[in-house]
Every structure is written in structure tokens, then in C-alpha cells.
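Peer 1: Residue numbers (UniProt numbering): 1 to 750. Where is the CB? At the ideal position from N, CA and C, for every residue including glycine.
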């Protein structure tokens, strides 16, 4: 977890009396910093944040007038760029008619770039998207001309003029509709000079949420927590609060009260969700509470809606925005509260391009905007719990479910003692529990965090395994689409009829289950049951997810089969049984967070059961029922489990008690990757409290055709990694054709 500690940014650069007036302009491109441009007399009033058009080589680029010196802690400050002589400066072409980027957002861009060791322009690119900053199309309407000309009077013309006089400027089609005439009558009046064209002020694209619309009915513990959050949001100022509550305790309703208090102050709110699919059910709950839907921000938005939303956020008319991690970089005019729901989710970590953790950067953004931030989870991350323990974060805990619902009973199914029939994957104990549940008219769920039909396909004749040609990964069979695909690079081909190696027919055998295979088994076992599969490849977007959730709520589904998408906060009141097909799945692989992630995921899945009057049951199929993760889930004592996890990491200074930086070397050839990795290892930093592990081949040693090697720098918590890594990379340049990517605070170790 990171902490921003920044002074106010210095004032904008003044024109130098001895030279030409100049400004720094940051471009959304991978340069190490902003470029200086000359200020023409017509643009003498340029200010930091203005969006401008500037020349770059032979092309024209859009950039932002930047503050000359980033206000960063000394250890984060990159070396300055060499100044350009006055005579070589190119002039700014124009200032675009766009809202300027606020100072807090500019400071945030600088901070994220410095912390992640990324080019600041690449961070700016997330805030300054071409489609978002293009002008919003203006609408033309018609108003009465003054003075009115002499006209031939007709009833149709008279009605148009009366509507114009009473209702004000209107678009031509709307004016004709209200007057009950054709658009030709409106055009005729315009040609005659009786109507004049005017630019209509666009209506706000998002209705204003009403904090008093439908206040919730809260229990005693909920009211106390809600009032605490209302007080924080109402007072403003930077603070971090963890809202921890068991599944079904009403955390969403409670933090919606903090949103209400922020809206009463006239400030904007940002809510981050780990998955776009969650937005459908969340926005429904929001609309019931506030009488209007929030603005959405995620990658599935079309260009026009993205543009309208960006401008509404910048102008302040979008009061509440719910979005994925990229919403952190929106130009909020009056940001007064940030909420990170399911803060423990690894989906908040961006792995491509600029690698950052949205939860951690949200804390930084809140500090920049002097706003409170609320981290919400039933299973908080160890990083967040460590900050609570150190007194840096406030802590509110909800220990009971809302409305008197009981927590589900969790039991393990020892697959060694109760194995499934040959070729099947569901234990008889689980299938009997499912049958009894559905006979009572209740719903059941099967969870397996693995898409497709089978994770591996091999030949019974020669032992050949179907592997991705671009990655060191097995190809996953998706039987419904009759393809095998790589879940890492997206490579896909039709399922071969014979073995590609020995050409034996009918010899390819699926190994292990995916959700498609479990669905096949469930259909055979329960032929009359109504099944629904919830996975990212069966629910392509929020609309499809909302439809699936509605089917479950209407009790049109008996059995839900899903991947991790089913763990994300859904409220299914009639679902009373959850069966986890492979509870051991996430425990291997050498990831230091493997046990923590598994207990979080399975606890979240278990929380879908018994959220209303009927009690819930959770059955965990496991081959290692004695594992601490299984014991913690059965006992419900997750706090003791997390304390044990912390004590195991503390002596070795593993996060959150130390810092990590991963250096990933990739190259077109293994020789170039090995040479660069060896050079990095030979030039590794040394010192008290530092250790470099590697180089070693990455678990995914080939990804998208590039050979990969990894090094891991580990340091005590009080040591800043950024200057160490920066100096390390300056001393060891990559081989020709190789690239070195840096991941500060890595989450994935693939």
C-alpha cells in the first residue's frame, strides 16, 4: 500500500524576461517528460491544465500545458530533461475548447508515473483520451426573430410562432411536433426571417441524484456505521476508512449513505468496482436509493458516450461515477469522496501498459483531492489490514447479516473418502445435497474458477499435449464453440479431429474439468433442472449479466454454474446451496498470496448462500481438507487465518512488511533474454535491507511469442525502491531486441 506525501505544486512558470515566453506541454506519448513550446502572443494567457494542439515533427498532437516542476518526494523525482534553446522552440498551435485538466489530476499523473517508473505521457494518455476530449456536438434550434417580419398568416404558421413564443428555442423537429405541422412549415418561417437559428444549451446528460429520495431502513449496527461514514463524507478532508462486513451485512447500503452526505455538500463521488459486470445490479440499487442512475465509465462505452461522460465529469454535471480502475483518471471538478468496493480484488491491478494497483492509487488520488476514501470488503487484503493495525486507516466492522439472516454452514467434502464416479467430478455427497435443495424449490450454485471444457488435452496414444504456439501454456478446449484457445494470448484454432503429433484418430482426451464439463455432468445428473452458466465468455457484457441476474431473481433458474464472476457481491435470496467443485485450485503455483486469495475468493462465493430467510450451506470439495484455508472457511475465523498469514510474511519482509519490484525481461530470442537477465543480475543493487532474487525463467517463459525472464527486488518497507530501480536500469541497458518492464508492488508472478 502506498501513501502520498506531497506539497502543493509550485505556481505556473512565468515567461522569462530574457527569452521567449514558453510553456511545458505533456503529450500522451512515451516520452520521459514534457516538451517546451513557445507561446505566441495570441495565447499569452495559457495556464497549466489547458489542452492544446502542438507540432511534433511533421504531425500535430494534442497535449496539456503542464506544471514546470512536479511536486514529488525527492526519492520519486526523475532527473530533469535538458532545456531547449529559445531559437529551437516551436510555437503552440492553438488552445482547444475543452475543460482544462484540474491541478489535482495533473499532480496525480505525475505521482503515478514516478511511483510506477512509467513515462508520464503514458499515464496522461489514460486521462486524455482522443475520443473523450473531442468537442461535444452542439444542437441547433429555432427562436423567434426580433422584430418579426411581415408574413402571410396561416393557421400552421400561427401555431409554430405561438409555440416558439411560449416554449422558447426548440430543435426544428420538436417545434414541428408540438405545433402539429410538418418540418417544411418551420423551414419556411426560417427562410422568411420569422425564426432565427440559435445554439441550444445541451441538457445535462445525467440526472442529479437526490440524497433524500429513498433513505434505507438500517439496523442498529448499520446505523452507527452509516452515521460514521456520513460524518466523514460531510466533513471532507483526506482520510482512509476500511468498511469490513460479513457477506450480506449491507455494506453497500451503508456506504450509499456516505454518498448521500457527499452529494449534500455539492461534491462529486467516484465508486470503483473490480468488474464491469457488477455495474448492472449496483446501478439498480443506486437508482432505487437516489432516484437516478450514476454515470458509468468502463472500456465497453462507445466513443460518443465516453466523450459526453468525460465532459460531464469535467464540468461537474456527472455527480456520481461508477467505473472500473481507469475511472481514477477522469477530470473531476469537485471530487469529494472515493469508494473502492471489494478492495481485496486482484482485478484492481492493471498488468499491461502502466502497471498500477487502482486501490493503492485511489488512496493517492483521494489525498490529492483532499477527499475521504472508503475501502469496502468482507475479506480485506493483508495490506489494508496492516494499515489498520498501524493506525493509518480507520476501521468499521459489521459482524452480522442484515435482517437476521444467518451465515451459511460451511463443510468440506473429502474427495479421498467420497470420490466421484469414474469420469465425473461431483462427489455423491454434493449431488445429493443439490437434489434435496432443488426438490425444496430452492436454488443451488456450482463454482469452478476455470473457463472452457477442459484445461488440458492430451493424446492417449503418444502423450502429446496441445500447447499454444505463442506461449508456454496449454490450449483450453471450449467444446461449445468447437475450438481450443490460449487464455493468455488469445490464440485460437478449431479442435483437431486427430492428434497433431502422431495423427491417431479419436485419441485426444480432455484432462480435468472446466465449467462447460461441469455443466455437461449437471445436465446428465439433473435432466429436468433449469441451468444457467455465468462466465465471462457466456456473459459478454453488463446487459447480459443483468439479464442473467434477473432470471435468477425471478426463480427461472434452478442451478447456477459459474466462474469467479458469481463471487462478486450478488444477492440471490432463494439460493441456499453453494458447491465448490475444486476448492484446492488456487493453492498451488508458489504465489506468496495464494492462500490469502483462495480464502478470500471461496469466502465470497460462500457468501452467496442463505442471504434471506432460508439457511445456507456451502460444500467445499477438497483433497486436502486439513489445509489452513479449508479450516478457516469451515470455522469462519478468517481473522485468525489472516494473523497467521501476516506472521509468516513478517520475518522475510514480504508484503505488506516489505516492498517488491519485479523486473520482467522479454525478447524475441532466448539468447537476448538470457543475456539481458544475466547483465541485470550481475549489476543488481546491493545494500542493507536489499535482496535480488533471480534471474530465472518466468512461469510463463514464453508469452505472445516473446521469451521472458524475471528478477525480483525485495527491500525493507522503509526503503524507497524507485531510485534504486531507476539507477539499476541506467547502468544495465537491455540487449538489442530485448525490453525490461518494471512492476512495482507486483500482484502476479507469472
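#1: DSSP three-state call for residue 97: helix, strand or coil?
#2: Who pairs with residue 335 in a beta bridge, going by DSSP?
#3: Relative to the C-alpha of residue 575, which residue among 408, 460, 721, 645 is closest?
#4: Please name the residue in 293, 715, 736 whose C-alpha comes closest to that of residue 674.
#5: Where are the alpha helix (DSSP H) runs, 4 residues long or more, that stay fully inside the stretch 382 to 466, in chain order?
#6: For the stretch 266 to 280 against the stretch 238 to 254, are there 3 or more C-beta pairs whose distance is under 8 angstroms?
#7: Measuring alpha carbon to alpha carbon, tell me which of 497, 478, 27, 668 ends up nearest residue 515.
#8: Report all residues from its chain with a CB closer than 8 angstroms to the CB of residue 181; omit the five preceding and five following residues, and keep chain order.
#9: Just to confirm my understanding: we take residue 385, look at its own chain, exclude 5 residues before and 5 after, and list those with CB closer than 7 angstroms. What are they?
#10: In this structure, how does DSSP classify residue 115 when only helix, strand and coil are distinguished?
#11: Where residue 213 and residue 244 are concerned, what is the direct C-alpha to C-alpha distance, given to the nearest angstrom?
#12: Can you tell me whether residue 418 is buried or exposed? The criterion is at least 16 other CB atoms within 10 Å of its CB, across all chains shown.
#13: By DSSP, does residue 61 sit in helix, in strand, or in coil?
#14: Do the stretch 464 to 483 and the stretch 610 to 624 meet, that is, are 3 or more Cβ pairs less than 8 angstroms apart?
#15: With a threshold of 8 angstroms, are at least 3 pairs of Cβ atoms found where one atom belongs to the stretch 322 to 330 and the other to the stretch 259 to 270?
#16: Taking the runs of the alpha helix (DSSP H) that are 4 residues or longer, which of them lie wholly in the stretch 634 to 707?
#17: Helix, strand or coil, according to DSSP, for residue 108 in the structure here?
#18: Are at least three pairs of beta-carbons, each pair with one atom in the stretch 551 to 566 and one in the stretch 521 to 540, less than 8 angstroms apart?
#19: If you reduce the DSSP assignment to three classes, tell me which class residue 38 lands in.
#20: In terms of residues, what are the limits of the alpha helix (DSSP H) holding residue 551?
#21: When you compare the CB positions of residue 122 and residue 353, do they come within less than 8 angstroms of one another, or not?
#22: Using 8 angstroms as the Cβ pair cut-off and three pairs as the minimum, do the stretch 704 to 712 and the stretch 660 to 672 touch?
#23: If we count the other Cβ atoms within 10 Å of its Cβ and call it buried at 16 or more, is residue 444 buried or exposed?
#24: For residue 640, does the count of other Cβ atoms within 10 angstroms reach 16, so buried, or fall short, so exposed?
#25: With 16 other CB atoms within 10 Å as the buried threshold, where does residue 7 fall?
#26: Drop a sphere of 10 angstroms on the beta-carbon of residue 751, count the other beta-carbons inside from all chains shown, and report buried for 16 or more, exposed for fewer.
#27: Between which two residues does the beta strand (DSSP E) carrying residue 189 extend?
#28: Which value, in whole angstroms, describes the spacing of the CA atoms of residue 142 and residue 162?
#29: Can you tell me whether residue 722 is helix, strand or coil according to DSSP?
#30: Do residue 529 and residue 438 have their beta-carbon atoms positioned less than 8 angstroms apart in this structure?
#31: Is residue 605 closer than 8 angstroms to residue 634 when the C-beta atoms are compared?
#32: Looking at the unbroken alpha helix (DSSP H) that takes in residue 276, where does it start and where does it end?
#33: Leaving out the 5 sequence neighbours to the left and right, which residues in its chain are closer than 7 angstroms to residue 654 when beta-carbon positions are compared?
#34: Leaving out five residues before and five after residue 461 in sequence, what residues of the same chain have Cβ atoms less than 6 angstroms from its Cβ?
#35: Which residue wins for smallest C-alpha separation from residue 233, given the options 210, 257, 223, 175?
#36: Around the C-beta of residue 16, are 16 or more other C-beta atoms found within 10 angstroms, so that it is buried, or is it exposed?
Peer 2: Walking through what the data contain:
#1: coil
#2: 268
#3: 408
#4: 736
#5: 382 to 389, 428 to 439
#6: no
#7: 478
#8: 156, 159, 160
#9: 642
#10: helix
#11: 26 angstroms
#12: exposed
#13: strand
#14: no
#15: yes
#16: 638 to 649, 670 to 682
#17: helix
#18: yes
#19: strand
#20: 542 to 553
#21: yes
#22: yes
#23: buried
#24: exposed
#25: Low confidence applies here, because residue 7 scores a pLDDT of 34, under 50, leaving its location unreliable; read the following figure in that light. Under this definition residue 7 is an exposed residue.
#26: In the structure displayed, the chain extends from 1 to 750; residue 751 sits before or after that span and is not available.
#27: Run containing residue 189: none in the beta strand (DSSP E); it sits in the alpha helix (DSSP H), 183 to 191.
#28: 13 angstroms
#29: helix
#30: yes
#31: no
#32: Residue 276 -> no alpha helix (DSSP H), and no H or E assigned at all.
#33: 592
#34: 502, 504, 507
#35: 257
#36: Confidence in residue 16 is poor, its pLDDT being 41 and thus under 50, which makes the residue's placement too unreliable to answer from.
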